[in-house]
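Visitor:
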Amino acid sequence: MRTRPDTYRRRGPDGLLPPSLDRLLGDVADAVNRRLRSHRGWRVAAAAAVPAAVGVVAARRRIGMHPALTLPLGCVPPLGCAIVVPKGRRRYAAVAAAYMHLFKLGWELPYDDPQKLRRRLWIDQPIRFDSTVGLGVPPGVRLQRALRTPGEVNMLDRVVTVVYGSWFVPQLLLAYLMARHEEYVPRAGARLSAAYHLTCPFYFFAPEAPPWFASEKEGRMNGEIDRVARLVVYDLLKRPVPGDANKMPGNPWGSMPSDHISSAAITAMGLSEVSRLYGALGWSYVAAASFAVVYLGEHYVADVVVGLLIAEAVRRGEPLAAPFVRAVARAVE
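The sequence shown begins at 12 in my numbering and counts up by one.
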């Protein structure tokens with residue numbers, strides 16, 4: 012991946028649409044923008060819609076809202092914030108927070124009906140893939156056999172858990188851009204959002220039990236995979252691991268693909284455009300995170316591979332998607 016000039020890093024590649032269609036998108040965006048800015052009522056409605064949408068989404072299980080209605084409603088806060096908050100750092104921060112709410116919803120929503128999701132749960136499929144990669148034994152099993160003692164916590168466990176817990180590094184880098192180099196935020200934020208968002212369809216259509224769940228709850232892989240990060244946390248707290256320690260909020264079956272890896276990889280691609288040194292640092296982090304999620308029993312190699320493919324799809328799809336994304340941004344700015 013080669014370095015890119017400053018203009019490219021700000022704006023990205025040229026779109027692949029014909030000039031006539033590109034102009035049409037621009038005209039439509041300008042018309043929408045004039046409508047939104049000409050009447051204060053639109054901004055008032057957008058401001059009211061944001062907390063209302065967040066509240067209804069939070070109550071979706073209690074009121075029995077169907078996912079087909081819930082997910083579009085989750086799109087309201089990012090758009091509302093873009094319309095209401097003045098252009099600049101405050102808008103970027105508000106839209107980023109609203110988008111993470113949308114991503115969290117996309118991750119959690121399939122697990123609103125666990126019994127229905129359980130019937131489609133992937134347990135053996137990723138084990139078969141990883142067994143092929145590991146020449147008969149999944150790499151996660153090989154790593155835990157070679158580098159740790161079951162049920163115990165060593166220094167490597169602690170170090171790797173810190174790497175696993177650093178999933179927010181891409182967000183920190185985006186916050187740095189927001190504070191110091193605001194002109195790069197729109198493209199960097201859009202690419203990072205896409206790397207997260209494209210994982211969501213998998214949570215609906217390919218629900219997957221993580222390795223620790225398959226091992227501890229389903230008896231796969233001879234029960235050899237520990238959930239190492241959990242052991243590290245309770246060891247740090249000097250407390251015994253309770254019997255219900257595997258209960259977790261959100262979606263325990265949202266394991267395929269690894270959004271940690273997809274977000275890290277798209278960030279490394281962006282760093283590679285700045286310099287080879289930054290690119291090397293970024294890809295070193297991707298390698299460390301990939302090792303961490305497999306070693307700790309949180310993900311399969313299959314999840315890592317799909318996460319990398321999603322990041323590559325974002326990179327390759329940017330010229331096609333960019334004109335539409337720019338048109339939406341132009342409409343609400």
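Glycine residues also receive a C-beta, built at the ideal position from the N, C-alpha and C atoms.
Quick one: using the 10 Å Cβ neighbour count with 16 as the cut-off for buried, is V170 buried or exposed?
Guide: Exposed, by the Cβ-count rule.
Visitor: According to the neighbour-count rule (16 or more other Cβ atoms, all chains shown, within 10 Å of its Cβ), is M267 buried or exposed?
Guide: Under this definition M267 is a buried residue.
Visitor: Can you tell me whether DSSP reads W264 as helix, strand or coil?
Guide: Note: W264 maps to coil in three-state DSSP.
Visitor: Can you check which of these residues, P218, D25, L247 and G281, is closest to D124 by C-alpha distance?
Guide: Ranking the options by Cα distance to D124, first place goes to P218.
Visitor: Should T143 be labelled buried (16 or more other beta-carbon atoms within 10 Å of its own) or exposed?
Guide: Exposed, because fewer than 16 other Cβ atoms sit within 10 Å of the Cβ of T143.
Visitor: Touching or not, the region 295-310 and the region 150-160, by the rule of three or more beta carbon pairs under 8 angstroms?
Guide: Enough Cβ pairs lie closer than 8 angstroms, so yes.
Visitor: Do you know whose CA, among P251, P221, R250 and R287, lies nearest W264's CA?
Guide: Ranking the options by Cα distance to W264, first place goes to P221.
Visitor: Given this structure, state the Cα-to-Cα distance separating V350 from R54, to the nearest angstrom.
Guide: The chain is shown from 12 up to 344; residue 350 falls before or after that span and cannot be answered.
Visitor: According to DSSP, what are the bridge partners of W133?
Guide: W133 is bridged to E219.
Visitor: To the nearest angstrom, how far is the alpha carbon of D246 from that of E194?
Guide: Going by the C-alpha atoms only, they are around 44 angstroms apart.
Visitor: Is A70 helix, strand or coil by DSSP?
Guide: Correct three-state label for A70: coil.
Visitor: So, helix, strand or coil for E119, using DSSP?
Guide: Helix.
Visitor: Can the beta-carbon of A275 be found closer than 7 angstroms to that of Y296?
Guide: Yes, they are a contact pair.
Visitor: Does the contact criterion of 3 or more C-beta pairs under 8 angstroms hold for the region 199-209 versus the region 276-295?
Guide: Verdict: yes, contact present.
Visitor: Quick check on G234: buried or exposed, where buried means 16 or more other Cβ atoms within 10 Å of its Cβ?
Guide: Classification of G234: exposed, given that the 10 Å Cβ count is below 16.
Visitor: For L331, does the count of other Cβ atoms within 10 angstroms reach 16, so buried, or fall short, so exposed?
Guide: The residue is exposed, with fewer than 16 neighbouring Cβ atoms inside 10 Å.
Visitor: Between which two residues does the alpha helix (DSSP H) containing Y296 stretch?
Guide: Run containing Y296: R287 to Y306, per the alpha helix (DSSP H) assignment.
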